[in-house]
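Top to bottom, those sequences are chains A and B. Residue numbering for the first sequence follows our numbering, starting at 1 and increasing by one per position. Residue numbering for the second sequence follows our numbering, starting at 524 and increasing by one per position. Every residue gets a Cβ at the ideal spot worked out from N, C-alpha and C, and that includes glycine. Note that this is a predicted model, so its numbers are computed, not measured. For reference, the structure discussed in these notes is given below.
2 protein chains.
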Amino acid sequence: MEVAEILIDGKWQPAEAEASFHAENPATGEVLPIAFPVSRWSDCDRALSAAATAAAQLRNTAPERIASFLEAYANNIESASAAIVAAAHEETALPVSPRLKDVELPRTTNQLRQAAAAAREESWKRATLDTEKNIRSVFAPIGPVVVFGPNNFPFAFNGVSGGDFAAAIAAGNPVIAKAHPLHPNTTRLLAEEARKAAAECGLAAGTVQMIYNISNENGLKLVSDSRVGAIGFTGSRSAGLHLKRAAEETGKPIYLELSSINPVIFLPGALADEGERLARELVDSCLAGAGQFCTSPNLILLWDSPESEHLLADVAKAFSERPSQHLLSSAGQKHIQEGVAALIDAKAKVMTGGAPIDGAGYRYANTLLRATATQFIDQPHALQREVFGNVTMAVTVSDRVELKEILAQLEGNLTGSIYSAKSGADDDIYAAIEPVLRRKVGRLLNDKMPTGVAVSPAMNHGGPFPATSHPGFTSVGIPASLTRFAALQCYDGVREDRLPAILRKAISNPQTWRSIDGAWVRG
Amino acid sequence: MEVAEILIDGKWQPAEAEASFHAENPATGEVLPIAFPVSRWSDCDRALSAAATAAAQLRNTAPERIASFLEAYANNIESASAAIVAAAHEETALPVSPRLKDVELPRTTNQLRQAAAAAREESWKRATLDTEKNIRSVFAPIGPVVVFGPNNFPFAFNGVSGGDFAAAIAAGNPVIAKAHPLHPNTTRLLAEEARKAAAECGLAAGTVQMIYNISNENGLKLVSDSRVGAIGFTGSRSAGLHLKRAAEETGKPIYLELSSINPVIFLPGALADEGERLARELVDSCLAGAGQFCTSPNLILLWDSPESEHLLADVAKAFSERPSQHLLSSAGQKHIQEGVAALIDAKAKVMTGGAPIDGAGYRYANTLLRATATQFIDQPHALQREVFGNVTMAVTVSDRVELKEILAQLEGNLTGSIYSAKSGADDDIYAAIEPVLRRKVGRLLNDKMPTGVAVSPAMNHGGPFPATSHPGFTSVGIPASLTRFAALQCYDGVREDRLPAILRKAISNPQTWRSIDGAWVRG
């Protein structure tokens, strides 16, 4: 049987495979034709050696060349977009348009270009000069970065093209991408565009490498290998926590995005003013991508009131009327079934949905559940279980005390949204609950759904554990995301001509912001 | 038996002790009179509850008030300095002058005042505004910080007065300080000055708390408690790694400074030019504080040459002639004995010293060992064992290939120093070895010993594991050290009047640097 090759040290090479696997078309259940390898450790070892060599070479590579690579790669992706989008559609069942072609692919190339601009500007390095004491410091590449991409964004979070990839490369590190096994062919096509761009730009051969799949055991070994500088992971909580333990045992920084239920709070005045619009906004946000977004609103909090009942009835109706989109996999469908069953066990009631949909491929009925505040407070752990997909739970509260108690019981989340009346009628409740919600979430929104994570320098796609592994970092937002993959390096009394160019008194890069004796200056 | 009280929720209170302990005077071995408690979990629990309350109150406390506290505390320490220095001298045997009175105490108050300035300026929060998308983010307090201070700096790294304390408070967090059990009375006197200053400035009662000692088991429980935001630890590698595992298991950021042997490399030209001066500089650095500094040079690398033999003979002579200072404890003396025995087992040869010194208190002869490059490369693990104290090992190399191999085998270190000829004669060797050393150390020095860690915005007192737990952070250097104790908080579409003042368009604090649409601006 012919098996796809892996990208090692700049070349497509046969894997030393311990097994092979095929992707499926989740819209049909059909097994796709290409066989992909499950690599043995020897493949990881080869990738690590090449990455270590590349890391040393990249330290002497001009930022301009790294930036050119990221731009060339973005251009290549656009040139090959038809094939890439087709492959992703086949492997994920996500709609070609607008999702894959018009939203996610442009987002991905935009991220690569923003990362290129950050690499070129160099301000992310936060060069800091104490000219009196002749002490200077700068963020420098941390070493080879292993990126595990998730199942739900085949381009924008892909290990070989997504935000972690772009940030790690822009910071001057080689990347070993571990493809998500649900979309190996998409990853293969992207990796080929990266390979070509790297070769065109003369980057070190081991700068971009990609393997398709490895055993759990080899995953743990990979993240704790001495040649690794850091790890980026987006995916399930259980897999992430295993990798976290292994990496941290050997002192490796690992940045994980694990789980989030993204509470959305509708305060009474907001519902009274424009309940119908809010219902539509909520439905759109919940069902986008069949709810398979890390920022999908899985928990809705609202007052016991006729307006709330009206909104929930509207939402339930829309959920039942809108077609259920295909899920990414049979495993995803199974996890939803298990998750909904667990919520029902914990006394949540199904308002609509609650069952898989028969027929071709993997679907689950758009599902709305509800529970009372008392129930939630009784079983906060069980009722804040993340169900990754088109499943949302509403919890009604009788007063702000109950709401604050629920918020206090929440684990860390990526986002939290509060809708309140424009008139100011909800302002006192807002003031009372904001401090409790604020410390539970990385991004606090007003009058806005959490889906749609803008690539902005001010974005925080992060949050307290277990949303992520460290509340001080973001995985989206350039240049902030680059710092994750950097080590602080100080030069104390080092002779001027031996300093990195960015730390010399006369700066060669007029775009760079530097902190000199306490003031930020450029040029 | 009367036992000293612990500082909980703004008041000195009796501990619920499971045992008590006494400090010793390490210069005499005399047991000191005051009994101090080993707290049960209930004391930790009380401290955590008060800290959680204080954390919420501190979020609404003006930075000016926090800054005033830090300054008032610095003033109080100066007013009480005679008693504090006397207590520290009694508990540590460190010289009153210049060490405690003229160096460490001023350093400590300087750190507190720099932290006050950073709190007042607020630039450390890195307020970032994307005005077009109305997304804004800022670093905010992470929550209660537990600080474990080390044995070797009773003021400047003390859990209740040192760099981690100053950074955590300046970032707006309450601190639970765990005293080092070798200097409880010093810590008690400092904590009292902090308590008075906090009360004068009207800070939340639980802002500064202090316990003297807890069991290892309660230490692990403390760092993984849900009320804790982050942990700072400076101390031994084995204790630190246990705390690291416990904290990370529950997703708590923990910043550890663990161990470092601080390689110092003398290139041939430098030795030829001024070997005698370098020998003196090295001896001074190695023996400062009886070598009980985290940046003490424990590994000297130099060429096989007559000049090197000359330097080593000079150093050995000075080591044998200079009086051995008292160590901090009998345990420290025992660790040195074990460490030297292990180095000898690994074939290092004693040039001078190598035995404890009889008589009052705890001393160990100033010790110089040596090994060859071949020996080091054969047993890199055994021969880079940190021996915390007045013990240094020299390794001679026959060429740069051997030197690079040794550097490649080093674990992460806080510092690495290279001395080279002013004439440029060593420049090619420097260029060959710098990249290898650079990725192993947090601070690279030229022609300078690593002891003496300036409190500068450009300082990095950090480094790759196991020197610290994350190469992106520094524990010395303000404002950089504050960010460790902060969470990134994003506001997306949040109404202007609900934003923290620092994120509003019209800034109220004219000193603050903010990043607005990609440019750093102030005022």
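Exercise for the section: Note down, in chain order, each residue of its chain lying with its Cβ closer than 6 Å to the Cβ of G763(B), except the 5 sequence neighbours on either side. Expected result: Position 240 of the second sequence, counted from the first residue, corresponds to residue 763(B). Excluding residues within five positions, the ones whose Cβ falls inside 6 Å are F756, L779 and L781.
Practice task
Find the nearest neighbour of P903(B) within the set A948(B), W647(B) and A931(B), judged by alpha-carbon distance.
Solution key: Walking along the second sequence from the start, residue 903(B) turns up at place 380. For P903(B), the nearest C-alpha among the options comes from A931(B).
Problem - Residue burial classification, E276(A) (beta-carbon count within 10 angstroms, cutoff 16) - result: Stepping through the first sequence from its first residue, residue 276(A) is reached at position 276. Label assigned to E276(A): exposed.
Problem - Straight-line gap, A56(A) to S646(B) (C-alpha atoms, nearest Å) - result: Within the first sequence, numbered from 1, the residue matching residue 56(A) stands at position 56. Within the second sequence, numbered from 1, the residue matching residue 646(B) stands at position 123. Approximately 34 Å between the Cα atoms of the pair.
Practice task
Tell me whether S508(A) is buried or exposed, calling it buried when 16 or more other Cβ atoms sit within 10 Å of its Cβ.
Solution key: For the purposes of this step, residue 508(A) is taken as residue 508 along the first sequence, with counting starting at 1. Around the Cβ of S508(A), a 10 Å sphere holds fewer than 16 other Cβ atoms; the residue is exposed.
Problem - Buried/exposed call for V619(B), threshold 16 Cβ in 10 Å - result: Here residue 619(B) corresponds to residue number 96 of the second sequence, with the count starting at 1. V619(B) comes out exposed.
Exercise for the section: Have a look at A272(A), V387(A) and T392(A) and flag the residue whose alpha-carbon is nearest the alpha-carbon of V315(A). Expected result: The residue given as residue 315(A) occupies position 315 in the first sequence. Looking at the Cα atoms, T392(A) is the closest of the given residues.
Practice task
Using a cut-off of 7 Å between C-beta atoms, extract the partners of W520(A) located in chain B.
Solution key: The residue given as residue 520(A) occupies position 520 in the first sequence. Neighbourhood of W520(A) in chain B, by CB distance below 7 Å: W1036 and W1043, in chain order.
Exercise for the section: Tell me T890(B)'s beta-bridge partners as DSSP assigns them. Expected result: As a first step, residue 890(B) must be located in the second sequence, where it is residue number 367. In the DSSP output, where bridge partners are listed per residue, T890(B) has V914(B).
Exercise for the section: Could you have a look at F485(A) and say whether DSSP puts it in helix, strand or coil? Expected result: As a first step, residue 485(A) is located in the first sequence; it is residue number 485 there, counting from the start. If DSSP states are grouped into helix, strand and coil, F485(A) belongs with the helices.
Problem - V787(B) burial status per 10 Å Cβ neighbour count (16 or more: buried) - result: Working through the second sequence from its first residue, we reach residue 787(B) at position 264. Burial of V787(B) is indicated by the presence of at least 16 other C-beta atoms within 10 angstroms of its C-beta.
Practice task
Just confirm the distance between the C-beta atoms of D568(B) and L790(B), as a whole number of angstroms; I'd bet it's less than 8 Å.
Solution key: By one-based count along the second sequence, residue 568(B) stands at place 45. By one-based count along the second sequence, residue 790(B) stands at place 267. At roughly 56 Å, the Cβ-Cβ gap does not stay under 8 Å, so D568(B) and L790(B) are not in contact.
Exercise for the section: Pull up the distance between the alpha-carbon of S738(B) and that of T997(B), whole angstroms please. Expected result: The residue you call residue 738(B) lines up with position 215 of the second sequence. The residue you call residue 997(B) lines up with position 474 of the second sequence. The alpha-carbon separation between S738(B) and T997(B) amounts to approximately 28 Å.
Practice task
Note the first and the last residue of the continuous beta strand (DSSP E) segment covering K719(B).
Solution key: Position 196 of the second sequence, counted from the start, is the residue given in the question as residue 719(B). For K719(B), there is no enclosing beta strand (DSSP E); the residue is found in the alpha helix (DSSP H) stretching over P707 to E723.
Problem - Burial state of E613(B) (16 or more Cβ within 10 Å) - result: In the second sequence, residue 613(B) corresponds to position 90, counting from 1. It counts as buried.
Exercise for the section: With 7 Å as the limit, tell me which residues of the region 479 to 492 of chain A have their beta carbon closer than that to any beta carbon of chain B; keep them in chain order. Expected result: Per Cβ criterion, the list reads T483, A486, A487, L488, Q489, C490, Y491 and D492.
Problem - Option nearest I418(A) by Cα separation, candidates L410(A), I429(A), E411(A) and G412(A) - result: Stepping through the first sequence from its first residue, residue 418(A) is reached at position 418. Of the candidates L410(A), I429(A), E411(A) and G412(A), the one whose C-alpha sits nearest the C-alpha of I418(A) is I429(A).
Practice task
Take the Cβ of A341(A) as the centre, count every other Cβ of all protein chains shown within 10 Å, and call the residue buried at 16 or more, exposed below.
Solution key: Here the question's residue 341(A) lines up with position 341 in the first sequence. It counts as exposed.
Problem - Where Y430(A) meets chain B, residues with beta-carbon distance less than 8 Å - result: Walking along the first sequence from the start, residue 430(A) turns up at place 430. Listed along the chain, the chain B residues whose CB falls inside 8 Å of the CB of Y430(A) are R1021.
Handout entry: Selection from V138(A), K101(A), I77(A) and C294(A) that minimises the alpha carbon distance to N195(A)
Key = By 1-based counting over the first sequence, the position of residue 195(A) is 195. Here residue 195(A) turns out to be Arg, not Asn, going by the sequence shown. For R195(A), the closest of V138(A), K101(A), I77(A) and C294(A) by C-alpha to C-alpha distance is I77(A).
Practice task
Have a look at E771(B) and P471(A) and give me their C-alpha separation to the nearest angstrom.
Solution key: The residue labelled residue 771(B) in the question sits at position 248 within the second sequence. The residue labelled residue 471(A) in the question sits at position 471 within the first sequence. Distance from the CA atom of E771(B) to the CA atom of P471(A), rounded to whole angstroms, is 13 Å.
Exercise for the section: Provide the residue(s) that pair with Q483(B) in DSSP beta bridges, ordered along the chain. Expected result: In this structure chain B extends from 524 to 1046, so residue 483(B) is not present and cannot be described.
Practice task
Output the boundary residues of the beta strand (DSSP E) element that contains V626(B).
Solution key: As a first step, residue 626(B) is located in the second sequence; it is residue number 103 there, counting from the start. Run containing V626(B): none; DSSP gives neither H nor E here.
Exercise for the section: Please state whether DSSP places V228(A) in a helix, a strand or coil. Expected result: Taking the first residue of the first sequence as position 1, residue 228(A) is located at position 228. Of the three classes helix, strand and coil, the one that applies to V228(A) here is coil, per DSSP.
Problem - Cβ-based neighbour list, V441(A), same chain, cut-off 6 Å, excluding 5 preceding and 5 following - result: Start at 1 with the first residue of the first sequence, and residue 441(A) comes out as number 441. Closer than 6 Å at the Cβ level, and outside the excluded window around V441(A), lie N413, T415, G416 and G463.
Problem - Pair within 9 Å by beta-carbon distance, S847(B) and A888(B) - result: Your numbering for residue 847(B) matches position 324 in the second sequence. Your numbering for residue 888(B) matches position 365 in the second sequence. Contact annotation: S847(B) and A888(B) have beta-carbon atoms nearer than 9 Å.
Exercise for the section: Closer than 7 Å by C-beta to W41(A): which residues in its own chain qualify, once you throw out the five before and the five after it? Chain order, please. Expected result: Counted from its first residue, the first sequence places residue 41(A) at position 41. N218 and K221.
Handout entry: Selection from F911(B), F988(B), L892(B) and L712(B) that minimises the alpha carbon distance to A609(B)
Key = Locating residue 609(B) in the second sequence gives position 86, counting from the first residue. Selection F911(B), F988(B), L892(B) and L712(B) evaluated against A609(B) yields L712(B) as nearest (Cα-Cα).
Practice task
Return yes when the Cβ of A546(B) is within less than 9 Å of the Cβ of V526(B), no when it is not.
Solution key: Residue numbering aside, residue 526(B) sits at position 3 when the second sequence is read from its first letter. Residue numbering aside, residue 546(B) sits at position 23 when the second sequence is read from its first letter. The answer is no: Cβ separation not under 9 Å.
Handout entry: Whether L312(A) touches A394(A) by CB criterion (9 Å)
Key = Within the first sequence, residue 312(A) is the residue found at index 312, counting from 1. Within the first sequence, residue 394(A) is the residue found at index 394, counting from 1. Yes; because the gap between Cβ atoms is below 9 Å, this pair is in contact.
Practice task
Assign R908(B) to one of three DSSP states: helix, strand, or coil.
Solution key: On the second sequence, position 385 is the one that residue 908(B) refers to. Per DSSP, reduced to three states, the secondary structure at R908(B) is coil, with no helix or strand assignment.
Handout entry: Where A977(B) meets chain A, residues with beta-carbon distance less than 7 Å
Key = Against the second sequence, residue 977(B) aligns to sequence position 454. A977(B) reaches chain A at K133 and I135, counting residues in chain order whose Cβ is nearer than 7 Å.
Problem - Span separating the alpha-carbon of A115(A) from that of V145(A) - result: The count along the first sequence starts at 1 and reaches residue 115(A) at position 115. The count along the first sequence starts at 1 and reaches residue 145(A) at position 145. Between the alpha carbons of A115(A) and V145(A) lies a gap of roughly 16 Å.
Practice task
Check whether the Cβ atoms of L814(B) and F911(B) lie closer than 9 Å to each other.
Solution key: Residue mapping note: residue 814(B) aligns to position 291 of the second sequence, counting from 1. Residue mapping note: residue 911(B) aligns to position 388 of the second sequence, counting from 1. Inspection of the sequence shows that residue 814(B) is occupied by Gly rather than by Leu. Their beta carbons are under 9 Å apart, which means G814(B) touches F911(B) by this criterion.
Practice task
Starting from the C-beta of A47(A), find all residues in its chain whose C-beta is less than 7 Å away, skip the five residues before and the five after it, and write them out in chain order.
Solution key: The sequence position of residue 47(A) within the first sequence is 47, counting from 1. The beta carbon of A47(A) sits closer than 7 Å to the beta carbons of I8, I176, Q209 and I211 from its chain, once the five residues preceding and following it are set aside; these are given in chain order.
Handout entry: Inter-residue spacing [alpha-carbon to alpha-carbon] between R484(A) and P549(B)
Key = Taking the first sequence and counting its residues from 1, one reaches residue 484(A) at position 484. Taking the second sequence and counting its residues from 1, one reaches residue 549(B) at position 26. Between the alpha carbons of R484(A) and P549(B) lies a distance of about 44 Å.
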